[in-house]
Amino acid sequence: MPELPEVETVANSVNAHVRGQQIVSVWLSRYKEPFKTSRTEMTEALTATRIEKVYREGKHIVFDLHGPGGAARKSAQWIVHLGMTGRLLVSAPEVPVPKHTHAVLALSGGRELRFVDARRFGRLALHRSEGGAGFRGPGREPLTISPEDFVALFRGRKLSIKAALLNQTLLHGVGNIYADESLFRAGIRPTRAAGKLSRERLLRLHAALKEILQKAIKLGGSSVSDYVDADGVAGFFQLEHNVYLRTGEPCRVCGRPIRRLVLAGRGTHYCAHCQK
DNA sequence: ATATGGCCCTGGTTGC
DNA sequence: TGCAACCAGGGCCATA
């Protein structure tokens, strides 16, 4: 599932393809989801605008748009959330449009930007910036938050550290894979109450999370299920997973079998020996 | 305010 | 082999 490293990879590859291009025409599917903004409003806002740049904010992909004819200032941003199975693909028009395609933006360069999402957990929205304020995600950025602020996030919290890592209003961008992997690297049992972890252990978790996210970005993300970047290229970080989806397999450190339980409604993978 | 659980949706997997 | 039941899971919403 797309988390911070996958979203960053997609945003960067889309940016390389579409930056500076004009949106010539827009097609949107007839489904209610994934549209958070009405289809007519979205079509109007996107058509004939130029894509200034594409970047990641939390798990959201942000398209900075400039109004038609260069008359308008930065008028709106197009926000794409990939959900579970969302993909953004840049394709030649003659390439068949995949099943479950919900948006097709024809670009001045001749290619099409397509949003495809089988499960429809993804979201497409328009963000109108007031006073130049760009779209902001709900929580703090794991890659730039200071160690002190990271520790403070969990103070007094009774929920498990796994659930806390998944809570996007605290940190945004971390999902099930990187929550499990960072807890393994930090040696922390996912069930531990977030507010009861020592400052030292939280600092370790912060470092572990940053290292893992940065390495995953370098490797183009984790391709489990069907994640690919805008060119259809898969990532390689899944080969580095120590616990995620390795239930019953030997721990790469101590050899004991990886265990699985459900926390916060999510499959949670850990080593009972290496994580206390 | 904080935390929990159900729900959405389809494709892949499992089981008979 | 074929088909149906089951399950995964990010974010949102209702509820405790």
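In the numbering used here, the protein residues as written are 120 to 395. We treat Cβ as the ideally placed atom computed from N, Cα and C, and that holds for glycine.
Proximity of the region 314 to 322 to the region 256 to 275 meets the contact definition, three or more beta-carbon pairs being nearer than 8 Å. Exclusion of the five residues before and after W146 leaves V223 as the residues of its chain whose Cβ lies within less than 6 Å of its Cβ. In the DSSP annotation of this structure, Y363 is not part of any alpha helix (DSSP H), being labelled neither H nor E. If you look at S210, you'll find it in the beta strand (DSSP E) that goes 206 to 210.
Taking 7 Å as the cut-off, the Cβ atoms of T128 and G374 do not count as close. Cβ contact annotation for K178 (same chain, cutoff 8 Å, sequence separation greater than five): P121, E122, L123, V126, H200, L201, G256, Q287, H291, G292, G294, in chain order. Pairing P153 with H219 gives a Cβ-Cβ distance that is not under 7 Å.
If you keep only unbroken beta strand (DSSP E) runs of at least 3 residues inside the region 125 to 211, you get 142 to 147, 169 to 176, 179 to 185, 193 to 200, 206 to 210.
E300 is the residue among R233, E300, V352, E260 whose C-alpha sits nearest the C-alpha of A327. R238 sits in coil when the DSSP states are folded into three classes, being neither helix nor strand. When only Cα atoms are considered, E213 and R138 end up about 21 Å apart. If you look at H221, you'll find it isn't in any alpha helix (DSSP H); it sits in the beta strand (DSSP E) that goes 220 to 226. Sequence-distant Cβ neighbours of L245 in its own chain, meaning closer than 6 Å and more than five residues away, are T156, M161, A164, A195.
Three or more beta-carbon pairs separated by less than 8 Å are not found between the region 347 to 359 and the region 372 to 387, which leaves the two stretches without contact. Between the beta-carbon of I280 and that of L332 there is about 17 Å, and that puts the pair past the 8 Å contact cut.
Looking from the CA of A298, the closest CA among T159, Q140, A383 belongs to A383.
Taking the CA atoms as reference points, M203 sits about 7 Å from R238.
The DSSP-derived three-state label of L284 is helix. Residue nearest to V181 within the set L243, V372, R276, I336 is L243 (criterion: CA-CA distance).
Secondary structure note for L324: it is in no beta strand (DSSP E), and the uninterrupted alpha helix (DSSP H) holding it is 318 to 337. A349 sits close to L208, with the two beta carbons spaced by under 7 Å. From the listed residues L338, C393, K337, the smallest Cα separation to N361 is found for C393.
Beta bridge pairing from DSSP links E231 with S210, A225.
Closest in alpha carbon position to I170, among K151, T263, D183, G253, is D183. The beta carbon of P217 sits closer than 6 Å to those of V235, all from its chain and outside the five residues before and after it, given in chain order.
Taking a 10 Å sphere around the C-beta of R247, we find fewer than 16 other C-beta atoms and assign the residue as exposed.
Scanning its chain for C-beta atoms nearer than 7 Å, with the 5 sequence neighbours on each side dropped, one finds around W197 the residues L165, F182, L184, L245, in chain order. Taking C-beta separations shorter than 8 Å and ignoring five residues to either side along the sequence, the partners of K334 in its chain run F356, E359, following chain order. In its chain, beyond the 5 residues on either side, Q287, T288, L289, L290, H291 have a beta carbon closer than 6 Å to the beta carbon of G258.
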